[in-house]
Structure formats: C-alpha cells, structure tokens
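This report refers to the structure that appears directly beneath it.
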Amino acid sequence: MKDGHGRTIDYLRISLTDRCNFRCIYCMPEEGVQQLAHDDILRIEEMEQAVRIAAGMGIRSVRLTGGEPLVRKGVVDLVRAISHMPGIENVSMTTNGVLLPKMAAELKNAGLSRVNISLDTLDPEQFRQITRRGELQQTLDGIEAALATGFNPVKINAVTVRSLNQDYLAFAKLSIDRPLHVRFIEYMPVGESAGSHGCGWGQEDVVPSEELHELINARARAEGMDELVPAGKHQPLGWGPARYFEFPGAKGTVGFISPLSRHFCSECNRLRLTADGKLRPCLFSDDEYDLRTALRGDGGDAAVRAVFAEALGAKPDEHHDKVGTDRGMSQIGG
Ligand code: SAM
Ligand code: SF4
1 MKDGHGRTID YLRISLTDRC NFRCIYCMPE EGVQQLAHDD ILRIEEMEQA VRIAAGMGIR
61 SVRLTGGEPL VRKGVVDLVR AISHMPGIEN VSMTTNGVLL PKMAAELKNA GLSRVNISLD
121 TLDPEQFRQI TRRGELQQTL DGIEAALATG FNPVKINAVT VRSLNQDYLA FAKLSIDRPL
181 HVRFIEYMPV GESAGSHGCG WGQEDVVPSE ELHELINARA RAEGMDELVP AGKHQPLGWG
241 PARYFEFPGA KGTVGFISPL SRHFCSECNR LRLTADGKLR PCLFSDDEYD LRTALRGDGG
301 DAAVRAVFAE ALGAKPDEHH DKVGTDRGMS QIGG
C-alpha cells in the first residue's frame with residue numbers, strides 16, 4: 001500500500017480497548033475516560049476481519065495496544081487468529097506488563113512475536129504517582145516474565161518528562177546485563193486540547209532526544225563508564241522510528257524516539273485503528289475514517305477496503321508541529 005506521499009504503509013496499530021488497569025497521569029484522567037459503549041467497540045471477530053482485509057492490501061505488521069490490551073477479553077484468540085493470517089509477518093504488543101506474568105506464555109504460544117513494556121520510572125513512589133494505581137514491582141515482574149518466556153526483543157518504552165527528573169542513566173543501564181532494549185520517547189502533549197488528562201505538563205517538559213543522549217553520556221563519563229556508541233549487531237528487530245545505541249559490551253541497546261524534535265513523518269509506515277473502529281491516518285490529527293460501519297454493513301470486503309484506501313489517501317505528509325488532539329492516548333492507542 002502506498003500513500004499519497006509515496007510512503008509504503010505496511011504497519012497497523014490496533015487499540016483493543018480504551019480501558020486500563022492504570023490511570024497514568026499523562027494518558028488518562030483519574031476517573032478514566034468516558035468509556036465507550038459496549039456496542040461501539042469493535043468485536044474481536046471484526047478486528048480479525050479488518051486485519052485480514054488489510055493484509056490483503058499490504059499490511060505486514062500489526063501492533064496491539066490500547067488502553068491496556070491485556071485487559072481485553074479475547075486478546076489471546078485475536079493474536080492466534082491474526083498471527084497465522086497470510087501476509088502478516090509479525091504481531092507485537094505494547095503493554096504496561098501487569099498481566100504478563102499470567103499471560104506471557106499463552107500469548108507466545110498464540111504467536112505473539114514481540115512485546116514493548118512501558119515503564120517511565122524506577123522509583124516505586126514516583127511509579128505510584130504516575131500510574132495512580134500501579135506498583136513498580138508489577139511492571140518489573142512483567143518484564144521478567146517476558147524475558148523468561150523467550151520474547152525477543154523485549155523493549156522498554158520510557159516517556160521522558162523534564163519535570164519528573166527521571167534517572168536516565170539507571171534506565172539506560174538496564175540494557176547492559178540483559179537483552180533489554182530501552183527506548184526513550186519524547187513526551188507528546190497529546191489529548192491536551194480536550195483537557196483530557198490535565199497532568200500539568202506542557203511543551204517545556206519535552207526533553208529533546210539529542211539533549212537526553214548527551215545527558216546520558218555525561219552521566220556515564222562521570223561514573224567512569226564508556227559512552228553510548230551506535231548499536232551494531234544487537235539492533236533490535238522491529239518496525240519503528242528509534243535510533244539505537246549501546247554501551248560497549250552490553251546485551252541490549254538504548255534507543256531514542258523523537259516524534260517532535262526530529263520527526264520521522266517521512267518514514268511513517270502506519271495506520272491506526274481505534275477501539276471504536278475509526279481509522280486514523282496520523283496520531284496527531286483528529287481526522288478519522290469509519291471502518292466500523294463498513295465492517296458491520298452489507299458492502300462486504302470491498303466496502304472495508306474502500307475505507308482503508310480513503311484513510312491511506314488522507315495521510316498527511318507530516319504533523320506540522322500540531323500535536324494536540326481531541327482524543328487522549330488511551331483512546332488512540334499511543
Ligand atoms: N497500556 C499500554 C502501555 O501503557 O504500554 C498500551 C497503551 S499506551 C497509550 C501506549 C504508549 O503510549 C505507552 O508507552 C505510553 O507510555 C505512551 N504514551 C501515553 N501517553 C503519551 C504521551 N502523552 N506522550 C508520549 N507517550 C505517551
Ligand atoms: Fe494505561 Fe498505558 Fe495509558 Fe498508562 S499509558 S493509563 S498503562 S493505557
């Protein structure tokens with residue numbers, strides 16, 4: 001599938017649910033977002049149908065996200081169905097990790113290729129403040145479960161926020177002894193225009209990746225460690241816009257994802273499907289295309305394909321620094 005700007009689109013991110021067992025301050029309000037009505041959410045079979053049709057059009061890689069994808073009933077069945085579909089080369093997931101100790105093995109058996117686990121702080125008290133209802137140990141146990149189950153790569157996604165004063169070097173060091181790929185992601189003030197989370201962070205909390213990279217190197221030097229060097233053979237597999245580095249001799253890598261300071265729109269390869277069945281050509285734009293009506297209508301596969309084609313044709317060339325959206329991350333799927 002080519003979009004109107006010549007980019008090959010082969011990656012679909014699906015938000016399985018807008019619900020979550022956490023309430024991260026930058027993602028959801030304390031009381032949760034106004035939940036979608038049961039009927040508005042795509043059924044698992046409808047998601048399967050969407051992926052089957054998308055695979056026929058050129059989608060090769062699917063990422064399951066949310067909300068928290070592991071709280072969605074039927075998630076293992078969905079993984080099993082789509083990981084075996086002709087054309088689909090890999091199915092991955094972004095999760096807060098809490099349910100991985102329980103579910104990692106069945107997900108792997110069902111065909112899940114990779115997991116990204118979100119973890120923004122290594123301080124137990126700060127973890128409680130950020131997630132509002134999570135314990136650091138739960139996510140750490142999730143990471144252990146992912147490694148023990150043999151997922152490879154296991155990536156850790158850490159959103160960097162200046163006013164959190166995270167210990168960046170401690171995060172980066174997680175990559176040394178074990179094959180963990182720590183990725184720092186610039187905070188994106190998404191959902192702000194709806195005032196949907198009100199965590200009080202703004203543009204000034206974005207830590208540009210270049211600055212972060214230098215901060216980590218400076219801290220490493222101060223501790224007598226080597227600096228990061230461009231990642232060689234450990235570069236983790238996976239579609240994605242991170243630039244990877246490693247400490248010499250480390251088992252894993254350190255990646256930087258810079259949606260704002262060095263945007264990667266020219267390499268964008270993705271479409272997003274929200275839990276209520278809307279196709280979003282761009283994370284940062286509220287432009288949406290109604291796949292759900294096509295999936296439930298009597299136009300068959302052709303009608304669904306037409307909506308995919310419409311969304312594809314509407315992909316903007318770049319986000320033009322507009323990052324506010326009406327829907328929060330938990331609704332769009334991050
Ligand atoms: N619940 C899962 C999790 O937390 O991994 C999947 C959904 S979550 C919305 C997906 C990713 O988006 C997480 O890594 C989260 O940290 C990130 N995210 C949420 N809000 C964000 C924001 N405003 N800026 C940058 N990343 C954000
Ligand atoms: Fe839930 Fe993930 Fe959003 Fe945190 S970032 S509230 S874990 S969906």
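Residue numbers (the numbering used here): 1 to 334.
For glycine and all other residues, C-beta sits at the position ideal for the given N, C-alpha and C.
If you're wondering where the values come from, they're calculated on a predicted model, not measured in any experiment.
query	result
contact_flag[the segment 202-210, the segment 171-182] where n(CB pairs < 8 angstroms) is 3 or more	no
Whether T17 touches G67 by CB criterion (8 angstroms)	yes
Cβ separation of P259 and E186, assumed to be a contact under 8 angstroms, to the nearest whole Å	6 angstroms
Top-ranked residue by Cα proximity to W360, from L164, A172 and D77	Outside the shown range of the chain, which is 1 to 334, sits residue 360, and nothing can be said about it.
Buried versus exposed call for V79 [16 or more other C-beta atoms within 10 Å across all chains shown]	buried
Straight-line Cα distance separating G150 from T95	16 angstroms
N- and C-terminal bounds of the alpha helix (DSSP H) containing R60	Looking at the DSSP string, R60 is not in any alpha helix (DSSP H), and its letter there is neither H nor E.
Member of M85, S118 and G134 whose CA lies at the smallest distance from the CA of E125	G134
Contact set for V399: own chain, Cβ-Cβ below 7 angstroms, skip 5 residues either direction	The structure shown does not extend to residue 399, since the chain spans only 1 to 334, so no value can be given for it.
Within 8 angstroms, strictly: CB atoms of V75 and L64	yes
Backbone CA spacing between A303 and C265 [nearest angstrom]	28 angstroms
Per DSSP, the bridge partner or partners of D339	With the chain covering 1 to 334 only, the question about residue 339 has no answer from this structure.
The segment 157-171 / the segment 48-58 touching (three or more Cβ pairs under 8 angstroms)	no
Anticipated Cβ contact below 8 angstroms, M47 with I14, distance rounded	6 angstroms
Beta-bridge pairing of H181 - partner residues as DSSP gives them	K155 and T253
Inter-stretch contact (C-beta, 8 angstroms, three-pair minimum) for the segment 103-111 and the segment 141-155	yes
Y26: CB within 7 angstroms of a non-hydrogen atom of the ligand SAM	yes
Straight-line gap, I9 to E267 (C-alpha atoms, nearest Å)	9 angstroms
Of the residues P69, K315 and V62, the one placed nearest H84, counting alpha carbons only	V62
Per-residue burial, K2 [other beta carbons within 10 Å of its own, 16 or more giving buried]	exposed
G14, enclosing beta strand (DSSP E) - first and last residue	With the sequence shown as reference, residue 14 is identified as Ile, and Gly is not the correct amino acid for it. That run of the beta strand (DSSP E) goes Y11 to S15.
At least 3 beta-carbon pairs within less than 8 angstroms: the segment 39-46 vs the segment 267-287	yes
Any non-hydrogen atom of the ligand SF4 within 7 angstroms of T131 CB	yes
Y244 - DSSP class collapsed to helix/strand/coil	strand
Exposed unless 16 or more other CB atoms sit within 10 angstroms - verdict on N269	buried
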